[in-house]
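Here the structure comes first, spelled out in structure tokens, and everything after it is commentary.
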Amino acid sequence: MAKKDTFRVVTRGANGEIRIKDYESAEPLLKMHSQVGTEDSSTDLALRGMPVFRGLIGPMPEGKTIIRYESPEVFETLTKEWGAAKPKRRRRRTASSDAATTES
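Numbering (full-length UniProt numbering), first residue to last: 1 to 104.
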């Protein structure tokens, strides 16, 4: 299991753009935010024991080595976008198309 060693905070700037800031440890986050608990129910075992901060949603996994926290506004916006995205339709192969390709 890869060690998660990058703490990523995703917020929205005053002009509406997404801002991403990476930290090498939780120390800077502990200075900026109040810790209200620790993660104890994640299915990603590497996140268990990670801090939970007041005013941030997370921790959540992002890739193999990143622990992600989001502002509530960014979390809500990205979740709505993710939910509204239409999944790509997959075409099923039919028996007649399989037979046509094997006969040629």
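Yeah, the Cβ is synthetic: ideal placement off N, Cα and C, and Gly gets one too.
| Considering only residues of the region 3-77, which uninterrupted beta strand (DSSP E) runs meet the minimum length of 3 residues and lie entirely inside it, listed in chain order? | Counting whole runs of 3 or more residues, the region 3-77 contains the beta strand (DSSP E) stretches 6-12, 18-23, 35-38, 51-53, 57-62 and 66-70.
| query | Among Lys31, Ser25, Leu47 and Pro51, which one has its Cα closest to the Cα of Gly37? | reply | Each of Lys31, Ser25, Leu47 and Pro51 was checked against the Cα of Gly37, and the nearest Cα belongs to Pro51.
| query | According to DSSP, is Lys80 helix, strand or coil? | reply | Helix, per DSSP.
| task | Express the C-alpha separation of Lys3 and Arg68 in angstroms, rounding to a whole number. | result | Per the coordinates, the alpha-carbon of Arg68 lies some 14 Å from the alpha-carbon of Lys3.
| request: Under 7 Å Cβ to Cβ from Arg54, same chain only, skipping five residues before and after it: list those, please. | output: Annotation for Arg54: His33, Ser34 and Val36 place their beta carbon closer than 7 Å to its own, counting only its chain and skipping 5 residues before and after.
| Between the CA atoms of Lys86 and Ala26 - distance to the nearest angstrom | Annotation: Ala26 to Lys86 spans about 36 Å, alpha carbon to alpha carbon.
| query | What's the call for Gly58, buried or exposed, on a 16-neighbour Cβ count within 10 Å? | reply | For Gly58, the number of other beta carbons within 10 angstroms of its own is at least 16, and it is reported as buried.
| Between Arg8 and Arg19, what straight-line distance do the alpha-carbon atoms span, to the nearest angstrom? | Their backbone Cα atoms lie some 10 Å apart in a straight line.
| field | Exposure label - Leu30; buried when at least 16 CB within 10 Å | value | By the neighbour-count criterion, in which 16 or more other beta carbons inside 10 Å mark a residue as buried, Leu30 falls on the exposed side.
| Minimum C-alpha distance to Gly13 - residue among Glu81, Asp40 and Val74 | Of the candidates Glu81, Asp40 and Val74, the residue whose Cα lies closest to the Cα of Gly13 is Val74.
| So, Thr11 versus Thr65, is the Cβ gap smaller than 7 Å? | Contact flag unset, no.
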